[in-house]
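Visitor: My structure is below; once you've seen it, I'll send some questions.
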Amino acid sequence: FTKLLLHHFFVLSVSCIILFPPLLHAAGGDDSTDFLSDDFYADTTDAVPETGDPIEPFNRAVFQLNDRAYTYVFNPIAKGYSAAVPFDIRHIIDNFFTNLEEPVVFINCLLQGRFSDAGSTLVRFLANSTIGVGGLVDFADREIGFEPVEATLGETFGVWGIGDGFYLVVPFFGPSTLRDFTGTVIDSLAMTPYYTYIDKWSVKTGIYAEKTTNDLSMHIGEYEDLKKLSFDPYVALRNSYFQYRKKIREHRVFLESE
């Protein structure tokens, strides 16, 4: 009975932790908005998001739930993982999972008509899967200058003319919009290789849990910094999410104009 109870607790834990990655992108990362700058918080409490927030009371309640889950569950797990696994190993793991998801990026680039990015993504996947030892090394970026490309089904829906819907904070998932969250679910469950080709649910969950724990371990402290520097963390995170999306779009337009 004890073994069965521990098994169910493990499944519940990893099922929760796999749902948290969007916070990493909204609150930090190499491509995210610099929320540590003074300009970012100049008018954070009065800023109006590009997409409406008509269910703000619900979103705030979920934000509080996610905040406590991060503080008391996800962050301690990530810190323990970070202490046990050297950074170089975690970077290799990150490369491996990034490579696994390149087919999803490739398909979305094609669906968006971004054929140059689709070609770059295909080169990345082939080079990193072979010379990069199954994606453990990002050979394409480091040696031949093919940087990672971002493309999600939520963005594809946008290109097709489907609106955002409204701002949505999803339990244990973080900031999103109705459109982007729908795209994320389809991307993850229907298109990601370790969900498509692995039948056993516990194995799928374990793989995704490892990926997300590894991701979180690479961004320890960023969410805490956002909270310390903001008068209203809910508004700051919402603004950071929309500024991150805007920055991605502007960067893409810049690359296409070159």
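Position in the sequence shown counted from 1, then plus 103, gives you the working numbering.
Even for Gly, the Cβ is constructed at its ideal location relative to N, Cα and C.
The structure displayed is predicted, hence computed values, not measured ones.
Report buried or exposed for E258, applying the criterion of at least 16 other Cβ atoms within 10 angstroms of its Cβ.
Guide: The residue you call residue 258 lines up with position 155 of the sequence shown. Of the residues assessed, E258 falls on the buried side of the cut-off, its CB having 16 or more other CB atoms within 10 angstroms.
Visitor: Report yes if the C-beta distance between N211 and L256 is below 9 Å; otherwise report no.
Guide: As a first step, residue 211 must be located in the sequence shown, where it is residue number 108. As a first step, residue 256 must be located in the sequence shown, where it is residue number 153. Yes.
Visitor: Please tell me whether L340 and I158 are closer than 9 Å, where the distance is taken between their beta carbons.
Guide: Numbered from 1 along the sequence shown, position 237 holds the residue referred to as residue 340. Numbered from 1 along the sequence shown, position 55 holds the residue referred to as residue 158. Not a contact, by the Cβ cut-off of 9 Å.
Visitor: Looking at T295: is its Cβ nearer than 9 Å to the Cβ of V207?
Guide: Your numbering for residue 295 matches position 192 in the sequence shown. Your numbering for residue 207 matches position 104 in the sequence shown. The Cβ atoms of T295 and V207 lie closer than 9 Å to each other.
Visitor: Just to confirm, are P336 and V165 a CB contact at a threshold of 9 Å?
Guide: Numbered from 1 along the sequence shown, position 233 holds the residue referred to as residue 336. Numbered from 1 along the sequence shown, position 62 holds the residue referred to as residue 165. For P336 and V165, no; Cβs fall outside 9 Å.
Visitor: Quick check on this structure: which residue in T285, R227, V262 has the alpha carbon closest to the alpha carbon of R352?
Guide: Start at 1 with the first residue of the sequence shown, and residue 352 comes out as number 249. Closest option to R352, Cα to Cα, is V262.
Visitor: Looking at the secondary structure, which residues open and close the alpha helix (DSSP H) in which T259 lies?
Guide: Position 156 of the sequence shown, counting from 1, holds the residue named residue 259. Run containing T259: 256–262, per the alpha helix (DSSP H) assignment.
Visitor: Using only CA atoms, which one of R245, G238, I180, F190 lies nearest to T315?
Guide: By one-based count along the sequence shown, residue 315 stands at place 212. Answer by Cα proximity: I180.
Visitor: Considering only C-alpha positions, which residue in the set R217, D156, S343, S185 is nearest to E313?
Guide: As a working mapping, residue 313 is identified with position 210 in the sequence shown. The candidate whose alpha carbon is nearest that of E313 is S185.
Visitor: Is S333 helix, strand or coil when you go by DSSP?
Guide: Here residue 333 is taken as the residue at index 230 of the sequence shown, counted from 1. Residue state, collapsed to three classes: coil.
Visitor: Check each candidate in E204, F260, I195 and name the one with the smallest Cα separation from G235.
Guide: For the purposes of this step, residue 235 is taken as residue 132 along the sequence shown, with counting starting at 1. The option with the nearest alpha carbon to G235 is I195.
Visitor: Bridge partners for P278 per DSSP, in chain order?
Guide: Working through the sequence shown from its first residue, we reach residue 278 at position 175. V272, per the DSSP bridge assignment.
Visitor: Assuming S343 contacts L329 under a Cβ cut-off of 8 Å, what Cβ separation, rounded to an integer in Å, is found between them?
Guide: By one-based count along the sequence shown, residue 343 stands at place 240. By one-based count along the sequence shown, residue 329 stands at place 226. Contact holds; Cβ gap of about 7 Å.
Visitor: According to DSSP, is D133 part of a helix, a strand, or is it coil?
Guide: Position 30 of the sequence shown, counting from 1, holds the residue named residue 133. Residue confidence for D133 is low, a pLDDT of 45 falling below 50, so the modelled location carries little weight; the figure read from the coordinates is stated next. Coil, per DSSP.
Visitor: Whose C-beta lies closer than 8 Å to the C-beta of D149 among residues of the same chain, with five residues either side of it excluded?
Guide: Residue mapping note: residue 149 aligns to position 46 of the sequence shown, counting from 1. Residue placement at D149 is flagged as unreliable, the pLDDT there being 45, under the threshold of 50; the coordinate-derived value follows with that caveat. Nothing meets the Cβ criterion.
Visitor: Starting from K307 and walking both ways along the alpha helix (DSSP H), at which residues does that stretch end?
Guide: The residue given as residue 307 occupies position 204 in the sequence shown. Per DSSP, K307 belongs to the alpha helix (DSSP H) from 304–320.
Visitor: Terminal residues of the continuous alpha helix (DSSP H) containing P160?
Guide: For the purposes of this step, residue 160 is taken as the residue at position 57 of the sequence shown. Residues 159–172.
Visitor: Quick one: give me the first and last residue of the alpha helix (DSSP H) that F228 is part of.
Guide: Mapped onto the sequence shown, residue 228 falls at position 125. Per DSSP, F228 belongs to the alpha helix (DSSP H) from 218–233.
Visitor: Quick check on this structure: which residue in S223, L214, R217, D191 has the alpha carbon closest to the alpha carbon of G248?
Guide: Here the question's residue 248 lines up with position 145 in the sequence shown. It is S223.
Visitor: Quick one: measure Cβ to Cβ for A254 and R217, integer angstroms, because I've assumed they're closer than 8 Å.
Guide: In the sequence shown, the residue the question calls residue 254 occupies position 151. In the sequence shown, the residue the question calls residue 217 occupies position 114. With a Cβ gap of about 7 Å, A254 and R217 count as contacting.
Visitor: Assign T287 to one of three DSSP states: helix, strand, or coil.
Guide: Here residue 287 refers to the residue found at position 184 when the sequence shown is read from its first residue. Look at T287 here: in three-state DSSP terms it is helix.
Visitor: Between S320, G324, F334, which lies nearest to A187 when the distance is taken from Cα to Cα?
Guide: Translated into positions along the sequence shown, residue 187 becomes position 84. Selected option, being the one with the closest Cα: S320.
Visitor: I need the boundaries of the alpha helix (DSSP H) containing F190, first residue and last residue.
Guide: On the sequence shown, residue 190 is found 87 positions in, with the first residue counted as 1. 190–203 is the extent of the alpha helix (DSSP H) around F190.
Visitor: Could you confirm whether any beta carbon from chain B is found closer than 9 Å to the beta carbon of E353?
Guide: Absent from the structure: chain B. Only one protein chain is present.
Visitor: Return yes when the Cβ of F199 is within less than 9 Å of the Cβ of G238, no when it is not.
Guide: Position 135 of the sequence shown, counting from 1, holds the residue named residue 238. Position 96 of the sequence shown, counting from 1, holds the residue named residue 199. Result yes, Cβ atoms of G238 and F199 sit closer than 9 Å.
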